[in-house]
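Protein chains in written order, with my numbering: chain A, 1 to 228; chain B, 229 to 402; chain C, 403 to 1180.
What follows is the structure, encoded as structure tokens:
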């Protein structure tokens, strides 16, 4: 039941970590430019779903198709390259390299793709400006606040103009005001870049920034829009 | 909260006297506001008129409490429809939602579905509010935030209830 | 601040170390294992001098040959002993034939009763070797029946190969130098006592400093294992009301706990290690576990110094750290490292050593304490200077590839950690370079060139008189693995039959054989030649003029042979000199068999130069067996080498090599531990970097750079300091200063190899850490 025009589709995903079943037949699809929230209680498997969709984790069974291509047929290097160029990532914490300055952190994905340092940092600064953190360029992650750090992380996720942005509890460590600001900037920036956003969260107010949500419970997914 | 649907739902498990109905209702849902006999009588006669219940038998003596009611097929359909329709997201919904969940459990329907449907409806509302907030001025934002936080509280209750459905089912079955 | 408060806080730290949950005791255990390894190595090293003296004591208590020119008269308490040492493969076998001459003949230590003729007592190692398949060749050579074993008091080490066999008629051969009549075992009154010359003593001192210093540096690093996590725990303590100083002392207590446990483990490692040491054999040297006893004073020093150092190092390390209730703040801008006091250390070291420059010339003794102090200061200077250099250099490094950038930025943020990691290696390499220079500088004094020409022969066999002239050469040539054998028989002629005043060397052989040791223009059987340079030839002409009578194999005191008179014939030719394979150019007479007078053949000693086929692995042992068959146990076989090292010099060098290997392995292990620890701390970060598509290669490379940059700087500094120390030491010994660049390269190469191995070993865990599991939070 793959809806036409989907960018990223997952079908009957199963994944177990040892005796723990994380995913048990989960399904997912997202269109270009769409923001989809993945909700569910802790331990329901929503992060695992995101990791599978992003090609970080290989599912035990089921298929994931990105842009018409089956992920399982790609090598690890190909998937890495895909993550470098087509995907962006924002996590709850522990993602900025503490030794690098903020602008170097944002420029990192571009540099991994082989862009020259000067050029990469120019592009990085432009994105930091859009996320209103361009004044932090020379600072190290340890010297900025949580909200600022998260915005730097969003800038880094978007700097490569990804087609899919994966955000795993991006506001999890922030207060509501900062969290909302990050969500506003994130969704705005993603929409203007026509990037699809897979947003894993357990917070309704964060999920409210999405176009639709799917619920993961006990490793099974439920697409609420189509169910209603 | 719809007393009619609730009583209908209680009847689904089998025919009851009006008096039994009141007692079952008070026990399960009317902790602080017990039902009057008059309420039961008027509700049952309305349901009777709409063909949602029928009189199963009358015992000796008179008075409404002596009638035994049974649910009709139309009645079952009506309960079904009511349970599946999410409530309009608004504050202080919990009594209605709670009733729906308990009834679903009593009638062996999928209570999780009810919660999920409600969640989707809440989120739809929250999306609209979030959108309005984004486009509005500070006053709009504050007003929307108030509503959003209340809705969020509901949603958290939904989450929590969903997580405790098994326990609730045990308690209800007693 | 009261001592009670101190002890209370320290005790609390000790409790935290063991009661602080999994994390706490993991850290304590890690530290303990590290300290334990260091302590074990310290104890082992300090036990080596003791072991050596035990060895030499046992060796001298079984000393037999007195090398006394006078032969002892036969008595009830005398014993005739013959030296039948041999070599099996590359191992020396100590062999003695014993022939008691009376009821009170002395027994060698470790032997209960004299073995009878055809029987022997052997060392346990030899017994095992003889019983094994591989000992077959040796069995042929010493065919005696084993009737007992030699006790440990008669052996220098457990792996020593030795035997005492019963002999008969040995007294007939008392003249040769390999047979002697003795009346006691023990240090010879005639032998000069061995004293270490000051340069060797200097070498030993430096070897000890160079080996022990990195161990100390390693222990200092080990007590800081897991420091970052510990700091976070301390912050929690501050939250519940400990003040900054208390937190610091509690940290000290934790380190103390690790160090104390380390002492226990170290003792255990040491006890296990010395049992293992009994199994190991390094260059023919093995030791009994019971010999490896550190002197009590040194052991006590280790037991006190290690825990104390652990506390002090921790307090010192925390001086730049502010432990706040909500976390650890490394003072935002650490004070710039200052250079002057760091330079003071090596300069002070040089100042201590300088007065001794040139003392080696006058053979004066070096002041041990000045040598140790100066060397220690100079080498400790490396650990002081390195953090400054790393900081200064890394601050100036800039752009490059992503992996380079990641590494450089990390180093800029924590150059101290990086410098600490390589301190040990830098000190070890600096010391090793200096030692190598010293060794190669004085090597020529302790190594003799033998003049052997290995192209012409690799072995020399000497068969005592009594064997047929041609037989020895023929049999050896037929031995398995022998390419050619060239025999020359030797004897002397004197001007009198007894106690001659003048003597001439005589070589007997066929024309072809004589050509190996001389240059002959024409030669036929029956010819006699004079040989030697001008003066020698005139000597020869005088002594052996045609018509005079000379005596073959003249008699000396104690000899039992009879001299053979020979009237020198006319028509002697003159031969040119030629060095034999051992580099000896002979003089005297050359006689072909046809010209040899009757009866003279009996006194001939055969020397056979043997060329072996290197493709036959056991050729040398076949030769030795043939020689033993020909000449009995007294046949001597030499393996020719191009140079010979002084025994003491060689053992110091061996000790250095063994020690340096242990130290480098230890440092490599500590590098690995701290490397893994750092990686574990960064697990989440690494996973997220992988998530957004960072190539594993990039991350691995950045880990490599991160170690390689400080190591490169450390090795550079080590080379400079090592060369400086080397130059000073060479000047002290009065040796010409030459830099052995090859050995500098080798030592730095070994250091670099350690780093490379550590990086390679940390790659599998790194790859595992980079798996997406690290992203899971639930």
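The beta-carbon is built from N, C-alpha and C at its ideal position, and this holds for glycine as well.
Q) Of all the residues that make up the segment 111–129 of chain A, which are near chain C by a beta-carbon distance shorter than 7 Å? A) 111, 112, 117
Q: State the DSSP-derived secondary structure class of residue 51 of chain A, mapped to helix, strand or coil.
A: helix
Q | chain E residues whose Cβ lies nearer than 8 Å to that of residue 383 of chain B | A | Structure shown: chain E not included; protein chains present are A, B and C.
Q: Determine which residues share a DSSP beta bridge with residue 291 of chain A and list them.
A: Residue coverage of chain A in this structure runs from 1 to 228, which leaves residue 291 of chain A outside it and unanswerable.
Q.
Cβ closer than 7 Å: which chain B residues qualify as neighbours of residue 207 of chain A?
A. 351
(Q) Counting only C-beta atoms, is residue 213 of chain A closer than 8 Å to chain B at any point? (A) yes
Q. Taking Cβ positions only, does residue 733 of chain C come closer than 8 Å to chain A?
A. In this predicted model, residue 733 of chain C has a pLDDT of only 49, less than 50, meaning its place in the structure is not dependable; the value taken from the coordinates is given anyway. No, residue 733 of chain C lies away from the interface with chain A (no Cβ there is under 8 Å from its Cβ).
Q: Identify the contact partners of residue 1109 of chain C in chain A, using a Cβ-Cβ distance below 7 Å as the criterion.
A: Result: empty, since nearest Cβ-Cβ is about 15 Å, beyond 7 Å.
Q. Just checking, does the segment 356–366 of chain B make contact with the segment 333–346 of chain B on the three C-beta pairs under 8 Å criterion?
A. no
Q) Do you know how far the Cα of residue 689 of chain C is from the Cα of residue 886 of chain C? A) 40 Å
Q. Over what stretch of residues does the alpha helix (DSSP H) that includes residue 1118 of chain C continue unbroken?
A. 1098–1134
(Q) Is the separation between the beta-carbon of residue 864 of chain C and that of residue 1009 of chain C shorter than 8 Å? (A) yes
Q | Neighbour flag for residue 104 of chain A against chain B, beta carbons, 8 Å | A | no
Q. Which partner residues does residue 892 of chain C have in the DSSP bridge list?
A. C/909, C/1007
Q: Name, in chain order, the residues that DSSP records as bridge partners for residue 502 of chain C.
A: C/481
(Q) Can you pull the chain A neighbours of residue 1095 of chain C, defined as C-beta to C-beta under 8 Å? (A) 80, 81, 82, 83, 84, 85, 87, 109, 112
Q) Any idea which residues DSSP pairs residue 63 of chain A with across the strands? A) A/11
**Q.** Collapsed DSSP secondary structure at residue 711 of chain C in the structure displayed
**A.** helix
Q) Measuring CA to CA, which of C/1026, C/1071, C/1075 is closest to residue 540 of chain C? A) C/1026
(Q) If you reduce the DSSP assignment to three classes, tell me which class residue 516 of chain C lands in. (A) coil
Q. Looking at chain A, which residues of the segment 357–370 of chain B have a Cβ within less than 8 Å of any of its Cβ atoms?
A. 357, 358, 362
Q. DSSP on residue 933 of chain C, reduced to helix/strand/coil?
A. strand
(Q) Check whether the segment 993–1002 of chain C and the segment 943–952 of chain C are in contact - that is, three or more C-beta pairs closer than 8 Å. (A) no
Q | CB contact below 8 Å: residue 634 of chain C versus chain A | A | no
Q: Sort C/944, C/514, C/491, C/571 by Cα distance to residue 563 of chain C and report the nearest one.
A: C/491
Q. For residue 903 of chain C, which option in C/911, C/945, C/884, C/1152 has the closest C-alpha, if you only look at C-alpha atoms?
A. C/945
**Q.** Environment of residue 286 of chain B [buried if 16+ CB atoms lie within 10 Å]
**A.** exposed
Q) Mind pulling the chain B residues with CB within less than 9 Å of residue 277 of chain A? A) Given a span of 1 to 228 for chain A in the structure shown, any question on residue 277 of chain A remains unanswerable.
Q.
Could you tell me the alpha carbon to alpha carbon distance between residue 215 of chain A and residue 1082 of chain C, rounded to whole angstroms?
A. 34 Å
Q) With distances taken from CA atoms, which of C/855, C/611, C/633 is nearest residue 836 of chain C? A) C/611
**Q.** Nearest-angstrom Cα separation, counted from residue 190 of chain A out to residue 33 of chain A
**A.** 7 Å
Q.
Taking 8 Å as the threshold (C-beta atoms), are residue 212 of chain A and residue 224 of chain A in contact?
A. yes
Q. Would the beta-carbon of residue 14 of chain A be found less than 7 Å away from any heavy atom of the ligand NAD?
A. Although the ligand NAD was asked about, the structure shown includes no ligands whatsoever.
Q: Starting from residue 739 of chain C, find everything on chain A with Cβ-Cβ shorter than 7 Å and list it in chain order.
A: None at all; the shortest Cβ gap to chain A is about 19 Å.
Q: Taking the CB atoms as reference points, tell me whether residue 979 of chain C and residue 920 of chain C lie closer together than 8 Å.
A: yes
Q. Taking DSSP as the reference, what is the three-state secondary structure of residue 369 of chain B?
A. helix
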